[in-house]
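Here full-length UniProt numbering is used: position 136 in the sequence shown is 136, and no number is missing along the way.
From the three backbone atoms N, C-alpha and C, an ideal C-beta is built for every residue, glycine too.
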Amino acid sequence: MKLTDVISISGKPGLFKLINRTRAPFTAEDLESGRKQPLFARDNIVSLADISIYTEEGDKPLAEVFEEIKAKYPEIVADEAAIIADKTKLRGWMAEVLPIYDKERVHDSDIKKLVKWYNILRKAGMEAFVVQEDDQTTAQE
Numbered sequence: 001m002k003l004t005d006v007i008s009i010s011g012k013p014g015l016f017k018l019i020n021r022t023r024a025p026f027t028a029e030d031l032e033s034g035r036k037q038p039l040f041a042r043d044n045i046v047s048l049a050d051i052s053i054y055t056e057e058g059d060k061p062l063a064e065v066f067e068e069i070k071a072k073y074p075e076i077v078a079d080e081a082a083i084i085a086d087k088t089k090l091r092g093w094m095a096e097v098l099p100i101y102d103k104e105r106v107h108d109s110d111i112k113k114l115v116k117w118y119n120i121l122r123k124a125g126m127e128a129f130v131v132q133e134d135d136q137t138t139a140q141e
């Protein structure tokens with residue numbers, strides 16, 4: 001599974017994996033429950049590969065942020081509920097994994113999604129978040 005295949009659907013909790021892209025409607029599978037559902041033109045979807053986090057030095061792709069989280073939390077973020085429940089812990093956790101994040105433009109809700117999404121992806125078995133150069137070259141050939 002690649003980060004380009006994982007999507008977020010506006011108005012629906014969790015993350016989804018695109019199963020087919022060849023016919024309308026597309027089909028997506030919920031990464032937590034495994035339930036499949038159709039996607040229609042009215043659904044606002046975005047690939048996780050297209051999302052970035054504001055930093056003091058510009059934007060940082062979500063894949064790179066996930067890799068930095070993985071360096072600190074190789075498995076899952078064990079105390080997810082405690083981090084999400086307290087604003088101070090939430091901001092402290094973000095400063096720990098990405099010290100240069102833009103404190104004015106990154107909202108608490110963004111950090112909560114980041115923690116939840118990371119855990120969902122790790123539980124789903126995702127090992128690498130950044131697409132390697134070799135993978136891109138192979139895909140272009």
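Local conformation of residue i per DSSP, three classes
i: E32; result: coil
i: L114; result: helix
i: D50; result: helix
i: L15; result: coil
i: S8; result: strand
i: I120; result: helix
i: K2; result: coil
DSSP beta-bridge partners of residue i
i: N20; result: T27
i: G125; result: None, per the DSSP bridge assignment.
i: Y101; result: T55
Through-space distance from residue j to residue i, alpha-carbon basis
i: T55; j: I69; result: 15 Å
i: K72; j: V97; result: 7 Å
i: T27; j: W117; result: 20 Å
i: E15; j: L31; result: Position check: residue 15 holds Leu in this sequence, whereas Glu was assumed. Those two C-alpha atoms are separated by around 6 Å.
Cβ of residue i within 8 Å of any chain B Cβ
i: I84; result: The chain labelled as chain B is not found in the depicted structure, where only one protein chain is given.
Which listed residue (the options) has its alpha carbon closest to that of residue i
i: K2; options: G11, L18, I53 and M94; result: L18
i: E75; options: K60, P13, E127 and D5; result: E127
i: residue 142; options: A124, V115, K123 and A82; result: The shown model of the chain, from 1 to 141, leaves out residue 142, and the question about it has no answer.
Taking one C-beta from the region 32-48 and one from the region 75-94 each time, how about it: are there three or more such pairs within less than 8 Å?
With a cut-off of 8 Å, the region 75-94 and the region 32-48 do not count as touching, because too few Cβ pairs lie within range.
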